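Asker: Using my numbering, read the sequence shown as starting at 17 and increasing by one per residue.
All C-beta atoms in this analysis are idealised placements derived from N, C-alpha and C, irrespective of residue type, glycine included.
Predicted, not measured: the structure shown is a model, and the values here were computed from it.
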Amino acid sequence: MLERNRTPKKSFWVYCVIAVVVVMLLNSLFFPNLMQPQESSYTQFVRSVEAGDVVMVELQDQEIGYAVRDGERVRVYVTGNPNDPNLVQRLLDAEVEFGQVVPKEMSPLLSFLLTWALPFAMFAGVWYLFSRMMQKKMGGGNAMQFGKSNAKVYVAAQTGKTFADVAGEDEAKEALKEIVDFLHDPKKYERIGATMPKGALLVGPPGTGKTLLAKAVAGEAKVPFFSISGSEFVEMFVGMGAAKVRDLFKQAEEKAPCIVFIDEIDTIGKKRDGAAGFGGNDEREQTLNQLLTEMDGFDGRKGVVILAATNRPETLDKALLRPGRFDRRIPVELPDLAGREAILRVHAKDVRMEPGADFNAIARATAGASGAELANIINEAALRAVRLGRDAVTQEDLEESVEVILAGYQRKNAVIAPDEKKRIAYHEIGHALVAAMQSHSAPVAKITIVPRTSGALGYTMQVEEGERVLLTQEELFQKIATLTGGRAAEELVFHSASSGASNDIEQATKLSRAMVTRYGMSGTFDMTALETVSNQYLGGDASLACSPETAAQVDREVVETIKEAHATARRILEGQREALDRLAAYLLEKETITGAEFMEILGKKQA
Ligand code: NHX
Ligand code: ZN
């Protein structure tokens, strides 16, 4: 406390000195001695009077002040008073006015006020406003305390979250339960001589509930929860971030046992590179160093547990991961099928649902969705229910909201030319037919040619029966064939291609490339890793690690697979030309058909 107050006092005097210097500079700038009369000789004075240039004169005991017209301007001079007895008469003859010429000495008080007190008052005012602004930005506290941390204190009663609020993520919860237990009863661990890990790192893609988990730990242990985002440490001035870290830990130690949660720790915890001061990373590195020092410094037995979250663990400085720091790494992965269903149920508790909603179906249709996205789906469904004037959410709302998340809202009044509409219908039925005619394709759930706000003109939804964690080479190939099916149908029916298949092409290429470079499914390269995936949670950028010759061969392999799949799709559709026409006509009429409808119409022909 004492220390925190001393620093601002010191800087206050520094600001005072700066203010004095600035006022002096301003004084000399704005009040130069313009009004001060210039000295002149008596002879010159007499000459000016004779020339008729003098407009006014002031006779004093020792001095004569006089004003001379000089073109547009009037100049003021003083000269000694030789007590010439003829002077007054001579001046009267020359019709010179008598009056005050030399400005009266300002009263010392007034001059002091004008040149010193006023600028100071202005300074103080500006400073006050400025510091008020800073204060607002920093969320309270003394204006001078720039270095004060603004970590928000959440008391257990306020977070109110428990593990029951976190659906799925059973493994992460299991790992965090030990920390909760420690915060409950630190003595138990002390007795046996065990030190709890000081920090645990929650690692996982965005939206998987890392913050929620940290809050739940605090809620379960009924301890205060300090939360700050890594980006809040990044300050304008070098040393400020470090000061914030120091302050945060001081507060935390006072409130121990407690949880300190640092979100997005990668913003301060990035690897330090050797060239310090070159890229201006000084501030970040100082902040990181301070964090490391604080973590080493405090006693783990005191009961401060630091949780941090990141979705780019590979960028973290190794020093952060050393024993005694964030030595525990808790993966928080995207939910699996059961997890998604559980998450949907948790969020559905907050909205009024029509009884009998099939959450499993929604969970199956949302493979790869995060907890945050699933929460969004529930909310979107509730909004739709309100929009349609209902007072409970139906299964249909849920299904439509999944599609809103995938492809945007429907554009019901978009006008699409009939021949284009026809092409779109054939394109989608092409996908669906190729999928249906292959043994290892996921069943078609829905086909629609209602355009969406994302720019999608139509799409075919396939939903897997259950949870899939692996894809065989056969399944991958059939996926690519299904993706080429849309274009294949266009070629077959219209004898031309269209630009609309760009999304299909992208996906097919990605799959084909992954087969060659990552899954070891090419004849030439066997089980060679040709790509390394970095950034595993954020899109998974893959970078090629091979010679240019190999890269060229990879490209040939990728193209080969796609060509083969495209030919397969063409063959399938040629054999189903009659079904293709029938289904396309039906889709054109209905605009949206379910997988069941699709199979029924497809089946009629075979019967
Ligand atoms: C354009 N849109 O961008 C026009 C408006 C070939 C019948 N100039 O392959 O809609 O070309 O099987 C999610 C999914 C944009 C979002 C796909 C956003 C595709 C989609 C580009 C159908 N279905 N293409 C398809 C399509 C287009 C696009 C998407 C998206 C078309 C095709 C869009
Ligand atoms: Zn397509």
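Counting Cβ pairs closer than 8 angstroms, one from the stretch 255-270 and one from the stretch 216-225, do we hit at least three?
Answerer: Judged by Cβ distances under 8 angstroms, the stretch 255-270 makes no contact with the stretch 216-225, as fewer than three pairs qualify.
Asker: In the DSSP assignment, find the alpha helix (DSSP H) that holds GLU74 and state where it starts and stops.
Answerer: That residue, GLU74, is in no alpha helix (DSSP H); its beta strand (DSSP E) goes 70-75.
Asker: Leaving out five residues before and five after ALA173 in sequence, what residues of the same chain have Cβ atoms less than 8 angstroms from its Cβ?
Answerer: Bear in mind that a pLDDT of 44 at ALA173, under 50, signals an unreliable position, so the number given afterwards is only what the model happens to contain. Closer than 8 angstroms at Cβ, skipping near neighbours: no residue.
Asker: Leaving aside the five residues before and after ILE359 along the sequence, list all residues of the same chain whose C-beta is less than 8 angstroms from its C-beta, in chain order.
Answerer: Correct list, in chain order: ALA183, GLY184, PRO351, GLY387, LEU390, ALA391.
Asker: Where does the unbroken beta strand (DSSP E) through MET256 begin, and where does it stop?
Answerer: Taken as a continuous stretch (DSSP letters only), MET256 belongs to no beta strand (DSSP E), being part of the alpha helix (DSSP H) at 256-271.
Asker: In this structure, does DSSP put LEU618 in helix, strand or coil?
Answerer: Reduced to three states, the DSSP call for LEU618 is helix.
Asker: What residue range is occupied by the uninterrupted alpha helix (DSSP H) comprising GLY501?
Answerer: Run containing GLY501: 489-510, per the alpha helix (DSSP H) assignment.
Asker: Please output, in chain order, the residues near the ligand ZN using a CB cut-off of less than 5 angstroms to any non-hydrogen atom of the ligand.
Answerer: In chain order, the hits are GLY502, ASP520.
Asker: Under the three-state reduction of DSSP, which class applies to PRO347: helix, strand or coil?
Answerer: Looking at PRO347 - three-state DSSP - the assignment turns out to be strand.
Asker: Heavy atom of the ligand NHX less than 8 angstroms from the Cβ of GLY384, yes or no?
Answerer: Result no, Cβ not under 8 angstroms from the ligand NHX.
Asker: Using CA coordinates, which residue listed in LEU107, ILE34, GLY96 is at the minimum distance from VAL70?
Answerer: Nearest of LEU107, ILE34, GLY96 to VAL70, Cα basis: LEU107.
Asker: Just to check my reading of the structure: LEU546 and LEU560 have Cβ atoms closer than 8 angstroms, yes? What is that Cβ distance to the nearest angstrom?
Answerer: Right, the Cβ-Cβ distance comes to about 6 angstroms (below 8 angstroms), so this counts as a contact.
Asker: Identify whether MET453 lies in helix, strand or coil by the three-state DSSP scheme.
Answerer: MET453 falls in the coil class under three-state DSSP.
Asker: So, for SER550: in the same chain, excluding its five sequence neighbours on each side, which residues have a beta-carbon less than 7 angstroms away from its beta-carbon?
Answerer: If we look at SER550 and ignore the five residues flanking it on each side, its Cβ neighbours are GLU330, ASP557, SER559.
Asker: I'd like to check one pair, VAL118 with GLU79: are the Cβ atoms closer than 9 angstroms?
Answerer: Yes. Within cutoff.
Asker: Give the single residue among ALA110, ASP77, VAL90 whose Cα lies nearest to the Cα of ALA67.
Answerer: The option with the nearest alpha carbon to ALA67 is ALA110.
Asker: Fully enclosed by the stretch 373-438, which alpha helix (DSSP H) runs are 4 residues long or longer?
Answerer: 375-381, 387-403, 411-423, all fully within the stretch 373-438.
Asker: Among the candidates GLY501, LEU199, ILE578, THR610, whose CA atom is the shortest distance from the CA of ARG593?
Answerer: Nearest of GLY501, LEU199, ILE578, THR610 to ARG593, Cα basis: GLY501.
Asker: Quick one: residues in its chain with C-beta nearer than 7 angstroms to the C-beta of VAL409, no 5 flanking neighbours on either side, listed in chain order?
Answerer: Around VAL409: VAL367, ARG368, MET369, GLU370, ALA397, ALA398, ALA401.
Asker: So is ILE609 buried or exposed if we call it buried at 16+ other beta carbons inside 10 Å?
Answerer: Under this definition ILE609 is a buried residue.
Asker: Under the three-state reduction of DSSP, which class applies to MET40: helix, strand or coil?
Answerer: Three-state DSSP puts MET40 in a helix.
Asker: May I ask which residues mark the beginning and end of the beta strand (DSSP E) holding LEU560?
Answerer: Where LEU560 is concerned, the enclosing beta strand (DSSP E) stretches over 558-560.
Asker: THR476: beta carbon under 8 angstroms from a heavy atom of the ligand NHX?
Answerer: Within the cutoff, so yes.
Asker: Taking C-alpha atoms, which residue in THR95, VAL90, VAL65, LEU499 lies nearest to ASP77?
Answerer: Comparing Cα positions, the closest option is THR95.
Asker: Between which two residues does the beta strand (DSSP E) carrying SER243 extend?
Answerer: Run containing SER243: 241-245, per the beta strand (DSSP E) assignment.
Asker: Can you tell me which of the three DSSP states ILE278 falls into?
Answerer: ILE278 falls in the strand class under three-state DSSP.
Asker: Counting contacts by CB-CB distance shorter than 9 angstroms, is GLY246 in contact with chain D?
Answerer: This model lacks chain D altogether; it includes just one protein chain.
Asker: Assuming MET212 and VAL37 are in contact, meaning their beta carbons sit under 8 angstroms apart, how far apart are those beta carbons, in whole angstroms?
Answerer: Actually they are not in contact, since the Cβ atoms of MET212 and VAL37 sit about 54 angstroms apart, beyond 8 angstroms.
Asker: Select from THR540, GLY405, GLY471, LEU414 the residue whose C-alpha is nearest the C-alpha of ALA377.
Answerer: Per the Cα distances, LEU414.
Asker: Closer than 8 angstroms is the cut-off here; do at least three beta carbon pairs connect the stretch 240-251 with the stretch 269-288?
Answerer: Counting Cβ pairs under 8 angstroms, three or more are found: they touch.
Asker: Any idea if PRO101 is buried or exposed, counting beta-carbon neighbours within 10 angstroms, 16 or more meaning buried?
Answerer: Under this definition PRO101 is an exposed residue.
Asker: Count the C-beta pairs between the stretch 488-496 and the stretch 563-571 that are closer than 8 angstroms, then say yes if the count reaches three, no if not.
Answerer: No contact exists between the stretch 488-496 and the stretch 563-571.
Asker: From ALA83 to GLN105, what does the alpha carbon distance come to, in whole angstroms?
Answerer: Going from the Cα of ALA83 to the Cα of GLN105 covers about 18 angstroms.
Asker: How many Å lie between GLU113 and ALA133 at the Cα?
Answerer: If I take the Cα positions, the gap works out to 37 angstroms.
Asker: Can you tell me whether ALA448 is buried or exposed, with buried defined as 16 or more other CB within 10 angstroms of its CB?
Answerer: It counts as buried.
Asker: Can you give me the C-alpha to C-alpha distance between ARG439 and GLU506, rounded to a whole angstrom?
Answerer: Each residue's Cα considered, the two are about 7 angstroms apart.
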